[in-house]
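Working notes, structure below.
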Amino acid sequence: MIDEFIRATLETIYMTFVSGGISIIFGIPLGILLFFLSRSKKSLNRRIYYFVDFFVNVFRSIPFIILIILLIPLTKIIIGTIIGPNSAIVALSIAAIPFMGRLAENSFNNLSQGLIDTATVLGMNKRQFVFKILIPESLADIISGITLLLINLITFTAIAGAVGAGGLGAMAINYGYQRFRWDILWLDVIILIFITQLIQYYGNKLSKSLRK
Amino acid sequence: MLEVKDLNLIYNQKLHVLKNINFEVKKGEVAGIIGLSGAGKTSILRSLVLLEKPTSGEIKLNGKDLSKLKERDLMIERKKISVVFQNYNLLSTRTVYENIALPLEINKEKNIKDRVLKLAEEVGLKDRLDHYPSSLSGGEKQRTAIARGMINNPEILLLDEPTSALDPNTTDRILKLVLDLNKKHDLSTIIVTHEMDVIKRACDRVVYLKNGEVNFFGPVYKFFIEKEKEIYEEFYKEINIDWKAARKKSGKENQKLIKVTFYGDSTHEPILDEISKKYDVKLNYIYGKIEHLKLKPYGTLIIVVEYEDRDIEGFMKELESKVYKLEELL
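Going line by line, the protein sequences match chains A and B.
Residues in the first sequence are numbered from 1 upward in steps of one, following my numbering.
Residues in the second sequence are numbered from 1001 upward in steps of one, following my numbering.
Okay, structure coming up:
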């Protein structure tokens, strides 16, 4: 049983961090894109913004359990199977990328207009602006966002567990709920709480250290 | 050097913020742009660096019209004008050193360290280089912002309300720094402000904005002499002269109430004393002040002249030839 717990915990952590990583890699550029599109003076860019914005909202409004089911064909193509942690990562990432994009966009929007003007008068190009001002100045905020994202992903892995993803969620349902093992259910919950607290603690600490 | 011609700025096709603005800034000159809130100071500043695209008119830097440039060329030309914003706009995640170095990083220049250290010494930030902006005082933030503006040797330094958030002592030191830099680097400087004292102490020429129009453009001393009444009414909200008393004293026969304006070195000469002795008239001083505009003194006297049967015409003529301006009041 202990082995089972360790395996499930590692699976949950694996799913959370891999899909978290993928969402960061795709979500932050998405956030940057949204930031620039929303401020563009060209009407075409503004229309693209509304289009992208709409899709971000669509993906965020589908209940996760439904999204997993809708993504079954895609998961099959990418991973080859719909069972196991790797298959869950597909749905987890697709749910989390728009979320991360939105979080990043919100952080970027908190940047003062003054700094944007400063970048303009210093003659910065877009790349320099992104890497020297936009990301560094928003980083503490983005880290808070990533913390939130990872905690949300933990909950999502538990949902994914209901449809064959493995991890602590699957264990809670298969053993705890279906076989009436309340001890397992509770231990499961305790481990989840523990992981969540850990992520929150280190997330806050990192974010705080970045605020000068 | 910088020439603004018939500049107009209209927001949303109806809000006419700047109306036919004309002025110029010469090499090495300190120009002030003064106006009350809502006069269009911020709009002018933003237009000069094309943060706001003017509706019509020209902004010529060394003969090149910035408002007609393509984005790519503008990006290069803009680097010749440095802006020190009102709230400094320092990067919170960069130290003083890194903030000052930012423009050099962008231009991928060499000797960044030497140049930053040298300038930091010049502006008095040597001991603060590894501090983050949040731990700096207002004056130090302003120094950092000025240093960041100076680091890439701009042709024009544009300061937006550089002293309005600072206490009088710090204001003194910042103005001194601005003037030192201006002299040492022969740097054209534009100060946007609502404080008359800043104009008095730092500027050579002044653009007085009123309701989006240039109400006056010219040397500071002329501004104070020609617009005296308006300046007192709009900026100081006080009138120092007790006109009632003045009228009472000068109501009699054989008396004249005159106002004498001095400017420049003659201010400190005993002109009045000499001429009054020569014509043997009596002077009764009822109001007087001397102020210093940047370096030169400027003074006003209001005097009752008792002339009895003396040659008052001759007195007036000779006095007029020796002072900046002579007016007969009442």
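Ideal placement from N, C-alpha and C gives every residue a C-beta, glycine not left out.
Please read these numbers as outputs of a predicted model, since none were measured by experiment.
Item, Value
"Chain B within 7 Å of residue 122 (chain A), Cβ atoms only", "yes"
"Chain A within 7 Å of residue 1083 (chain B), Cβ atoms only", "yes"
"Validate contact between the segment 1173-1183 of chain B and the segment 1205-1218 of chain B using beta carbons, cut 8 Å, 3 pairs", "no"
"Buried/exposed call for residue 12 (chain A), threshold 16 Cβ in 10 Å", "buried"
"Residue 1263 (chain B) vs residue 1232 (chain B) beta-carbon contact at 7 Å", "no"
"Sequence-distant residues of its chain with Cβ nearer than 8 Å to residue 124 (chain A) (five each side left out)", "132, 133"
"Members of the segment 1114-1141 of chain B that neighbour chain A once the beta carbon cut-off is set at 9 Å", "1132, 1133, 1134, 1135"
"Identified DSSP bridge partners for residue 1210 (chain B)", "B:1213"
"Residue from A:34, A:89, A:41, A:84 whose Cα sits closest to the Cα of residue 51 (chain A)", "A:34"
"Proximity winner among A:128, A:107, A:153, relative to residue 65 (chain A) (alpha-carbon distances)", "A:153"
"Bounding residues of the alpha helix (DSSP H) (the contiguous stretch that carries residue 11 (chain A))", "2-39"
"Residues within the segment 1039-1052 of chain B neighbouring chain A, beta-carbon criterion of under 9 Å", "1046, 1049, 1050, 1051"
"Under 8 Å (Cβ pairs) to chain B, residues found in the segment 102-114 of chain A", "112, 114"
"Chain A contacts made by the segment 1063-1087 of chain B, where a contact means CB separation under 9 Å", "1074, 1075, 1076, 1077, 1078, 1079, 1081, 1082, 1083, 1085, 1086, 1087"
"Opposing strand residues paired with residue 1156 (chain B) [DSSP bridges]", "B:1081, B:1188"
"The segment 1004-1016 of chain B in contact with the segment 1045-1052 of chain B per 3-pair CB rule at 8 Å", "yes"
"Where residue 1056 (chain B) sits in the DSSP three-state scheme", "strand"
"Collapsed DSSP secondary structure at residue 1124 (chain B) in the structure displayed", "coil"
"Residue 58 (chain A) burial status per 10 Å Cβ neighbour count (16 or more: buried)", "exposed"
"Burial state of residue 141 (chain A) (16 or more Cβ within 10 Å)", "buried"
"Partner residues on chain A for residue 1106 (chain B), Cβ-Cβ distance less than 8 Å", "122, 123, 124, 128, 132"
"For residue 144 (chain A) and residue 207 (chain A), believed in contact at Cβ under 8 Å, the rounded distance", "5 Å"
"Where residue 81 (chain A) falls, given that 16 or more other Cβ within 10 Å makes a residue buried", "exposed"
"Which listed residue (B:1309, B:1081, B:1117) has its alpha carbon closest to that of residue 1098 (chain B)", "B:1117"
"Residue 110 (chain A) burial status per 10 Å Cβ neighbour count (16 or more: buried)", "exposed"
"Rounded straight-line distance, which links the Cα of residue 1218 (chain B) to that of residue 1279 (chain B)", "36 Å"
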